[in-house]
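Student: For reference, the structure I am asking about is given below.
There are 2 protein chains.
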Amino acid sequence: MKLLKDRIVAEGRVIGDSILKVDSFLNHQVDPEFIMELGREIARRYAAEGITRILTVEASGIAVAMAAGLILRVPLVFAKKKKAFTQDAGFYSSEIFSFTRGEAVGIFVSDKYLSSSDTVLIVDDFLAHGEAMRGLVDIVRQAGAKLAGAAIVIEKIFQKGGQTLRSEGVRIDSLAAIAKMGKDGIVFAE
Amino acid sequence: MKLLKDRIVAEGRVIGDSILKVDSFLNHQVDPEFIMELGREIARRYAAEGITRILTVEASGIAVAMAAGLILRVPLVFAKKKKAFTQDAGFYSSEIFSFTRGEAVGIFVSDKYLSSSDTVLIVDDFLAHGEAMRGLVDIVRQAGAKLAGAAIVIEKIFQKGGQTLRSEGVRIDSLAAIAKMGKDGIVFAE
């Protein structure tokens, strides 16, 4: 998606050879109309899949999931990273390792909002090692729901998470896929 | 806002005399078009205030802030609850106590995305004891920005957070204000 790649080049900051910061429009500050463009593209790709629910994980996935949900006219559910005191008894859970935060966290989804009658589109901001995605796929399977696929804003394909998931038959759509990055800049995959 | 009150009555679940769960449309599952209605109402109330940025805190505030940002055509910034390894050096921070989670957490906003030239609208899903709101107001003040006010989806006015902040001169707009709740149901304030 050219609009997205252009913005990553203009505003993204590469730290070392694996960290890309896009805090100016995606995961700290959010540009709402730009995020709606991403949502429109995601909705276009999954328009024929009979999606009934979008699944994401707090916090950075929520804005993009909201945009896609608005266009597809379906609810979104965001997995919570910590079981709040007010959480109900019935939930699906999975454990993921966050490389950003350097720790394992549990993710939780109430069984009220995901069931075997759902066709689910997973939406997230980044796909790198695939830890969060693996947890979300696990939760979809626990619910017995149909997984239509996963739409990712930025995939760092050199970190292999997407490759592994695709080899397991998961459809993954990245709006921008980065083959390589470092001090010389960002190289997008074709 | 009648639409919201009706939905709280229809779908909200009261636990004890102080916990209201609205997980079906606001803070776990999200109904995008309904959230847009809330965003439109918030935007209507602040249309003349020259808002340049919306400030919220991850995670439940993001969808509503996104909706308001879309209508007001301004970016939103969500405060992060934990300083990620990839966070920059320059940030504003405040500490808040989460009654839901039973622990104190720091909230962080990069100084790149909030400055003294901003007129800020704070948006959040709940206002109860006012801890999160106090932290956000603190961050707006650290930035030297002008605080136009705070728009809240549901205020539990019996928990006094709003009362204290209003007495300090903060404008607070609640779309639904709950005077009392318990086993006999929910009583909204006029």
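Respectively, the protein sequence lines represent chains A and B.
With the numbering used here applied, the first sequence covers 832 to 1021.
With the numbering used here applied, the second sequence covers 832 to 1021.
C-beta atoms are modelled at their ideal positions from N, C-alpha and C, and glycine is treated no differently.
All values derive from a computational prediction rather than experimental measurement.
Do you know whose CA, among B:I927, B:G892, B:R972, lies nearest D942 of chain B's CA?
Tutor: Nearest of B:I927, B:G892, B:R972 to D942 of chain B, Cα basis: B:R972.
Student: Taking Cβ-Cβ distances below 8 Å as the criterion, which residues of the stretch 973-995 of chain B are in contact with chain A?
Tutor: Answer in chain order: no residues at all.
Student: Does any C-beta atom of chain A lie closer than 9 Å to the C-beta of I1017 of chain B?
Tutor: Not an interface residue.
Student: In the DSSP assignment, the alpha helix (DSSP H) including R904 of chain B goes from what residue to what residue?
Tutor: That residue, R904 of chain B, is in no alpha helix (DSSP H); it is neither H nor E in DSSP.
Student: Check whether the stretch 958-976 of chain B and the stretch 927-947 of chain B touch, using three or more Cβ-Cβ pairs below 8 Å as the test.
Tutor: Contact holds: three or more Cβ-Cβ distances are below 8 Å.
Student: With 16 other CB atoms within 10 Å as the buried threshold, where does K991 of chain A fall?
Tutor: When all chains shown are included, K991 of chain A counts as exposed.
Student: Quick check: R904 of chain A and E864 of chain B, are their CB atoms within less than 9 Å of each other?
Tutor: Cβ distance < 9 Å, so R904 of chain A and E864 of chain B count as in contact.
Student: Considering only the beta carbon of each residue, do K987 of chain A and L958 of chain A sit closer than 9 Å?
Tutor: Taking 9 Å as the Cβ cut-off, K987 of chain A and L958 of chain A qualify as a contacting pair.
Student: Along the beta strand (DSSP E) that carries I1060 of chain A, what are the first and last residues, could you check?
Tutor: Nothing about residue 1060 of chain A can be read from this structure; chain A reaches only from 832 to 1021.
Student: Is it buried or exposed, G1016 of chain A, if we count other Cβ atoms within 10 angstroms and call 16 or more buried?
Tutor: Label assigned to G1016 of chain A: exposed.
Student: Check whether the Cβ atoms of V954 of chain B and A935 of chain B lie closer than 9 Å to each other.
Tutor: No, the Cβ-Cβ distance between V954 of chain B and A935 of chain B is not below 9 Å.
Student: Is DSSP giving V1001 of chain B helix, strand or coil here?
Tutor: Coil.
Student: Relative to the ligand GDP, is the shortest distance from any of its heavy atoms to the C-beta of H960 of chain B smaller than 8 Å?
Tutor: Questions concerning the ligand GDP fall outside what the structure shown contains, since it holds no ligand whatsoever.
Student: Distance check for I902 of chain B and I970 of chain B, CA to CA, integer angstroms please.
Tutor: So the two alpha carbons sit approximately 24 Å from each other.
Student: For a cutoff of 9 Å on Cβ pairs, would you count L1006 of chain B as touching chain A?
Tutor: So, not an interface residue.
Student: Could you name the residues of chain B that D862 of chain A contacts, counting a contact when the two beta carbons are closer than 9 Å?
Tutor: Those are G900, P906, L907, listed as they occur along chain B.
Student: When DSSP labels each residue in this structure, what does F989 of chain B get in the three-state scheme?
Tutor: In this structure, F989 of chain B counts as helix in the three-state DSSP scheme.
Student: R871 of chain A CB to nearest chain B CB: under 9 Å?
Tutor: Taking Cβ atoms only, chain B never reaches closer than 9 Å to R871 of chain A, which makes this a no.
Student: Please tell me whether H960 of chain A has its Cβ less than 9 Å away from any Cβ of chain B.
Tutor: No, H960 of chain A lies away from the interface with chain B (no Cβ there is under 9 Å from its Cβ).
Student: For D862 of chain B, which option in A:G937, A:E842, A:T883, A:K1014 has the closest C-alpha, if you only look at C-alpha atoms?
Tutor: Comparing Cα-Cα distances from D862 of chain B to each of A:G937, A:E842, A:T883, A:K1014, the minimum goes to A:T883.
Student: Starting from F1019 of chain B, follow the beta strand (DSSP E) in both directions and report where the run begins and ends.
Tutor: Start and end: 1016-1019.
Student: Kindly indicate which three-state DSSP category F856 of chain A falls into: helix, strand or coil?
Tutor: Residue state, collapsed to three classes: coil.
Student: Can you list the residues of chain A that K913 of chain B reaches, using a CB-CB cut of under 8 Å?
Tutor: The contacting residues are R932.
Student: How is L886 of chain B classed by DSSP in three states: helix, strand or coil?
Tutor: It is a strand residue.
Student: Beta-carbon within less than 7 Å of E872 of chain B's beta-carbon, same chain only, minus the 5 sequence neighbours each way: which residues are those?
Tutor: Cβ neighbours of E872 of chain B beyond the five flanking positions: M832, L1006.
Student: Nearest CA to the CA of L967 of chain A: which residue from A:R932, A:A920, A:F909?
Tutor: Of A:R932, A:A920, A:F909, the residue nearest in Cα terms is A:F909.
Student: State the DSSP-derived secondary structure class of E864 of chain B, mapped to helix, strand or coil.
Tutor: The answer is helix: DSSP assigns E864 of chain B an H, G or I state.
Student: In this structure, how does DSSP classify K836 of chain B when only helix, strand and coil are distinguished?
Tutor: In this structure, K836 of chain B counts as helix in the three-state DSSP scheme.
Student: Cβ closer than 7 Å: which chain A residues qualify as neighbours of Y941 of chain B?
Tutor: The identity of residue 941 of chain B in the sequence shown is Ser, whereas the question assumes Tyr. Going along chain A in sequence order, the residues near S941 of chain B (Cβ under 7 Å) are D854, H859.
Student: What does a CB cutoff of less than 6 Å around R876 of chain A pick up in its chain, not counting 5 residues either side in sequence?
Tutor: Once the five neighbours on either side are set aside, the close Cβ partners of R876 of chain A are D1004.
Student: Helix, strand or coil: how does DSSP classify G933 of chain A here?
Tutor: Three-state result, G933 of chain A: coil.
Student: Please list the partners that M897 of chain A has in chain B, where partner means a Cβ-to-Cβ separation under 8 Å.
Tutor: The answer, in chain order, is V861, P863, I866, I893, A894, M897, A898.
Student: How would you list, in chain order, the residues of chain B whose beta-carbon sits under 9 Å from the beta-carbon of A874 of chain A?
Tutor: Result: empty, since nearest Cβ-Cβ is about 11 Å, beyond 9 Å.
Student: Using 8 Å for Cβ pairs, my map puts V984 of chain B next to L886 of chain B. What's the rounded Cβ distance?
Tutor: That belief does not hold up - the Cβ atoms of V984 of chain B and L886 of chain B are roughly 15 Å apart, past 8 Å.
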